[in-house]
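The structure under discussion appears below in the form of structure tokens.
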Amino acid sequence: MSNLLEQVKQFPDSPGVYRFLDAKGGILYIGRATSLRKRVGNYFTKRIDSRIAEMVSLARDVRYEQTDTVLEAIILEANLIKKHWPKYNVKDKDNRSFLYIVIPKAGIDSRRSLPRAVTRGPQFRNDRGGSADYPKPLIVRHRELEKFSAVKADVFGPYQSVTLIKNALKIIRRIFPYGTCTPNSNPVKSPAGDHVASRPCFDHQIGLCPGACVGAISKKEYQKNIRSIVLLLSGKKELLLKRLAKANPERAASLKHIQDVSLITRDELVRRQVGAHRIEGYDISHLTGKETYGSMVVFTDGEPDKEAYRLFAIKEAVAGDDLHALEEMLVRRFRHAEWDMPDLVMIDGGRPQVDHIAGVFKKYNIAVPFVGISKYGGDALVFPGGTKLSVKDLARGLKPILLRVRDEAHRFALRASRRKRDRRM
1 MSNLLEQVKQ
11 FPDSPGVYRF
21 LDAKGGILYI
31 GRATSLRKRV
41 GNYFTKRIDS
51 RIAEMVSLAR
61 DVRYEQTDTV
71 LEAIILEANL
81 IKKHWPKYNV
91 KDKDNRSFLY
101 IVIPKAGIDS
111 RRSLPRAVTR
121 GPQFRNDRGG
131 SADYPKPLIV
141 RHRELEKFSA
151 VKADVFGPYQ
161 SVTLIKNALK
171 IIRRIFPYGT
181 CTPNSNPVKS
191 PAGDHVASRP
201 CFDHQIGLCP
211 GACVGAISKK
221 EYQKNIRSIV
231 LLLSGKKELL
241 LKRLAKANPE
251 RAASLKHIQD
261 VSLITRDELV
271 RRQVGAHRIE
281 GYDISHLTGK
291 ETYGSMVVFT
301 DGEPDKEAYR
311 LFAIKEAVAG
321 DDLHALEEML
331 VRRFRHAEWD
341 MPDLVMIDGG
351 RPQVDHIAGV
361 FKKYNIAVPF
371 VGISKYGGDA
381 LVFPGGTKLS
391 VKDLARGLKP
401 ILLRVRDEAH
411 RFALRASRRK
421 RDRRM
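Position 390, counted from 1, in the sequence shown is what full-length UniProt numbering calls 390; the numbers after and before it change by one each time, with no gaps.
Given below as structure tokens:
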């Protein structure tokens, strides 16, 4: 262990991908970093979860591959995971929750070939893969990949964060614009009224769409952009640069100097907090003032894991007694030993709720750190007495994510209770 730590201290302070290897040279885990030295060094601190600690105990070597940018590290990480499927990248995870970027090949009319269900949800806006001549990248979950069996498409991944993919595609799209609109759409009469023109989409006006909607780009040139994106996501940046050097020097320069700060902020916020892999948030809501429900939401590595959400019908606490409703929900939750344990729990409430739940956790020997968020105290974090400084630092560093957890718990509770009400009407 000490030998590995000394080895890691020599790693560069730059982006890249790292691999933990076992005694036989097999790959245990693949990850990426903004700073290889800092990120990999975090694995040798005390504040790591049991899954990662087990992996580190089996590791006999750590190797890295340096990249020029964080974007390239994200791409390389996904390609290596897809190639090797390391044990600790997939252990305790449902493969169906992995995300992929899918690009239908030119000539495939994905609007007809793909069902709308492929990209259900607000994060998958503009939900089909473009027209046959003007394809576009799609974000698709693993369980939906089979719906592409009849479609020739390039598939990239796995990834674990919708937000990360969307930010990466935004950066790529500024270099290689593609459309999310319908080609030659939005017909509108000109001010003079003497002919019919096309109204450009908003993305075209801000430089993200090359203008397929108004006929501003040919099929050939548009498809060149898509092929460039495919090369970049395949990890073939150097080949792409060679092709662009003569054909489009300006675009080649943009590719060499990618501005990917947006990929660092939120992602590194989570990854620096090695002990916060799973965060659970809890909230209480009331249906028509009589029935009470408790909501449990789960964030994994900073992103909502909606398959792990749960709704509890409160059975014992009297209506209006939110303290005992919260107690009932948490006790019932922690009786499920088969569910993954959280690294941090967030409850929607201030000092009264925190003090009450501290007593509940002590009574039932629940040794999980938790924090409250007091909306009446300006969203201040409220800790139970005796909370370790390391936990406080962890929660404070994750406050933007904890606020999202709080809001999501509230949203889920209201939405779920309304559904139950509507079913009865």
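From the three backbone atoms N, C-alpha and C, an ideal C-beta is built for every residue, glycine too.
Compare the beta carbon distance of residue i and residue j with 8 angstroms and say whether it is the shorter of the two.
i: V40; j: V8; result: yes
i: A395; j: L403; result: no
i: Y18; j: R51; result: no
i: I357; j: L398; result: no
i: G281; j: R415; result: no
i: D348; j: D301; result: no
i: K219; j: T180; result: no
i: F383; j: V345; result: no
i: G350; j: G377; result: yes
i: V368; j: P352; result: no
i: residue 432; j: Q160; result: This structure cannot speak to residue 432, because the chain is shown only from 1 to 425.
i: A23; j: A73; result: no
i: T67; j: P15; result: yes
i: Y88; j: L28; result: yes
i: R332; j: F312; result: yes
i: L239; j: L255; result: no
i: I30; j: E77; result: yes
i: A337; j: A325; result: no
i: A168; j: A132; result: no
i: I175; j: R251; result: yes
For residue i, list the residues DSSP reports as bridge partners.
i: S295; result: D283, L311
i: M346; result: G281, V371
i: P304; result: F299
i: G26; result: In DSSP, G26 forms no bridge with anything.
i: E65; result: V17
i: A325; result: BP columns for A325 are empty, so no partner.
i: G31; result: Y18
Give me the Cα-Cα distance between residue i and residue j, rounded to the nearest whole angstrom.
i: A409; j: D154; result: 36 angstroms
i: H363; j: A59; result: The question names His, yet the displayed sequence has Lys at residue 363. Computed Cα separation, rounded: 38 angstroms.
i: F299; j: N79; result: 24 angstroms
i: H257; j: K242; result: 15 angstroms
i: G193; j: R199; result: Unreliable placement is indicated for G193, whose pLDDT of 47 sits below 50; the coordinate value is still reported in the next sentence. G193 and R199: Cα-Cα distance of roughly 14 angstroms.
i: residue 494; j: S374; result: Residue 494 cannot be examined here, being either before or after the span of the chain that is shown, 1 to 425.
i: R271; j: L145; result: Confidence at R271 is low in this model, with a pLDDT of 48, below 50, so its placement is unreliable and the value that follows should be read with caution. Answer to the nearest angstrom: the Cα atoms are 28 angstroms apart.
i: S234; j: I75; result: 8 angstroms
i: Q223; j: I171; result: 18 angstroms
i: Y293; j: A308; result: 17 angstroms
i: I101; j: P177; result: 16 angstroms
i: G26; j: F412; result: 42 angstroms
i: A216; j: T182; result: 13 angstroms
i: D305; j: R143; result: 15 angstroms
i: L21; j: D61; result: 5 angstroms
i: V214; j: G207; result: 14 angstroms
i: K82; j: V354; result: 43 angstroms
i: R173; j: V162; result: 16 angstroms
i: L36; j: E328; result: 44 angstroms
i: D340; j: A245; result: 50 angstroms
i: R419; j: D322; result: 21 angstroms
i: D227; j: T69; result: Just to set this straight, residue 227 is Arg in the shown sequence, not Asp. Their backbone Cα atoms lie some 21 angstroms apart in a straight line.
i: S295; j: V230; result: 41 angstroms
i: G211; j: R310; result: 44 angstroms
i: Y43; j: P86; result: 17 angstroms
i: I314; j: V140; result: 36 angstroms
i: E221; j: K152; result: 20 angstroms
i: A380; j: E303; result: 22 angstroms
i: H277; j: P158; result: 18 angstroms
i: G320; j: E291; result: 9 angstroms
i: Q10; j: K237; result: 27 angstroms
i: I103; j: Y134; result: 11 angstroms
i: H286; j: P400; result: 27 angstroms
Indicate, with yes or no, if the ligand MN has a heavy atom lying under 7 angstroms from the CB of residue i.
i: G294; result: Of the ligands one can find in the structure shown there are none, so the ligand MN has no counterpart to examine.
Just to confirm the assignment, what range does the beta strand (DSSP E) spanning residue i have?
i: Y100; result: 99 to 104
i: R335; result: R335 -> no beta strand (DSSP E), and no H or E assigned at all.
i: I366; result: That residue, I366, is in no beta strand (DSSP E); it is neither H nor E in DSSP.
Should residue i be flagged as near chain B, meaning a C-beta pair shorter than 8 angstroms?
i: F11; result: Chain labels in this structure do not include chain B; a single protein chain is all it has.
Output the boundary residues of the alpha helix (DSSP H) element that contains residue i.
i: F202; result: 202 to 205
i: E77; result: 70 to 84
i: M55; result: 50 to 58
i: E250; result: 249 to 256
i: R39; result: 36 to 41
i: L208; result: Here L208 belongs to no alpha helix (DSSP H), and DSSP marks it neither H nor E.
i: R227; result: 219 to 233
i: V318; result: From DSSP, V318 is part of no alpha helix (DSSP H); its letter is neither H nor E.
i: residue 494; result: The structure shown does not extend to residue 494, since the chain is modelled only from 1 through 425, so no value can be given for it.
Taking only runs that begin and end inside the stretch 372 to 414, name each unbroken beta strand (DSSP E) of 3 or more residues, in chain order. 380 to 382
Segments of 3+ residues assigned as beta strand (DSSP E) that fall wholly inside the stretch 130 to 190: 138 to 141, 153 to 159, 187 to 189
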